[in-house]
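All the letters of the sequence shown, read from the start, carry residue numbers 61 to 348 under my numbering.
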Amino acid sequence: MFFVEARYHRDPSRAGAQVRYIAHREEGLTDGQRRELYGIGERYRAMRGDEPAIRKALREDARGLQNPVYFRFILTVDNPAAERFHTLDSHLCERVLRDAVEKTFRGAARGAQGVFAVHQHGGQGRPAHPHVHALLSPRFENRMAVHLSPLRIQRIRERWEKEVLTGLQRHERRLERARQPLTPGPFPPRRERADERPYALLPFRKTLRRDGQLELFAAARRSLPIAQGNPWVATWLRFGRRGFRPEQEPERAARRAVFRLASRAMPMRMCEVLWLLRGLRRPGVRER
61 MFFVEARYHR
71 DPSRAGAQVR
81 YIAHREEGLT
91 DGQRRELYGI
101 GERYRAMRGD
111 EPAIRKALRE
121 DARGLQNPVY
131 FRFILTVDNP
141 AAERFHTLDS
151 HLCERVLRDA
161 VEKTFRGAAR
171 GAQGVFAVHQ
181 HGGQGRPAHP
191 HVHALLSPRF
201 ENRMAVHLSP
211 LRIQRIRERW
221 EKEVLTGLQR
231 HERRLERARQ
241 PLTPGPFPPR
251 RERADERPYA
261 LLPFRKTLRR
271 DGQLELFAAA
281 RRSLPIAQGN
291 PWVATWLRFG
301 RRGFRPEQEP
311 ERAARRAVFR
321 LASRAMPMRM
331 CEVLWLLRGL
341 RRPGVRER
């Protein structure tokens, strides 16, 4: 069973010392090294790794509160989970714990903000157990004072165990898939030139093909309101139903369309004379 320790205090000056403690704890660190500080919430995530800014923000969050409450959590794992963490490298181990912390507080203590650090050192008489030290701000993201009831703390414990086990399973499956040997598959049999099958011809269409591209435009849904509201559109589309295909004789189709539109704009008498003259045939003149 996972162990989660939750404590609190009301001293803003002590919060800065706790941030320094979780970042510079001596086990496993030499030559002035420190652990990476990660944020909980949008505001503290923007200050990732900036220790002075984090200490200042924790002190400023206590202003205006009569009794500010700083909750500090120590989130650990049990022995079976620690043995499973040994199969991962330090980078993956820290990534699993980071994701688990963020999802735990986002799901069980929504609106909480603060800072945390991942520790992977051991203790006296026991191997290294990955664990997390988290310090919460006395205010939620909406600037309200923090209050975590015992029921809420119990939910944090349960959510922490669930998120850690889920993250472990996900990364173990990824490693298992990566370690599986890639077995080469058999090559497809080579087909000889004589065995190649000729391409099958498409059958003839039983339905009549639409007479020209303008017929498709007339049948389109978006063009129906236009064709119904404007009489000139119907006149323009009618010339495509004359027994020839406009795409085969585009010049002839254009002349017919221009002639029809021009004749409609003329007076009635002149239009009748023009149509009579158009039907006459003269020797040596080809009818178009």
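Yeah, the Cβ is synthetic: ideal placement off N, Cα and C, and Gly gets one too.
Residue i and residue j closer than 9 Å at C-beta
i, j, result
"V79", "V175", "yes"
"R85", "G99", "no"
"F200", "A238", "no"
"L135", "H191", "yes"
"S83", "R74", "What sits at residue 83 in the sequence shown is Ala, not Ser. No, Cβ-Cβ distance for A83 and R74 is not below 9 Å."
"R158", "A66", "no"
"T164", "E232", "no"
"P198", "L125", "yes"
"P72", "Y130", "yes"
"A205", "P128", "yes"
"F63", "D138", "yes"
"A117", "R103", "yes"
"M61", "E236", "no"
"A169", "R203", "no"
For residue i, the residue or residues it bridges with in DSSP
i, result
"L196", "G174"
"G99", "V175"
"Y68", "F131"
"H24", "Residue 24 lies beyond the range of the chain shown here (61 to 348); nothing can be said about it."
"H191", "H179"
"A205", "R199"
Bounding residues of the alpha helix (DSSP H) (the contiguous stretch that carries residue i)
i, result
"E221", "P210 to R239"
"R312", "P310 to A325"
"A113", "E111 to E120"
"P140", "N139 to F145"
Contact belief for residue i with residue j at Cβ below 8 Å, rounded distance in angstroms
i, j, result
"V161", "A113", "Their Cβ separation, rounded to whole angstroms, is 20 Å, which puts V161 and A113 out of contact at 8 Å."
"R219", "G167", "5 Å"
"M326", "L336", "Contact flag wrong, Cβ pair sits at about 13 Å."
"A142", "H69", "About 29 Å separates the two Cβ atoms, so there is no contact after all."
"V156", "G101", "That belief does not hold up - the Cβ atoms of V156 and G101 are roughly 20 Å apart, past 8 Å."
Neighbour flag for residue i against chain B, beta carbons, 9 Å
i, result
"P248", "Judged by its chain identifiers, the structure shown contains no chain B, having just a single protein chain."
Cβ-heavy atom distance, residue i to the ligand NAP, below 8 Å
i, result
"R170", "Because no ligand of any kind appears in the structure shown, any question about the ligand NAP cannot be addressed here."
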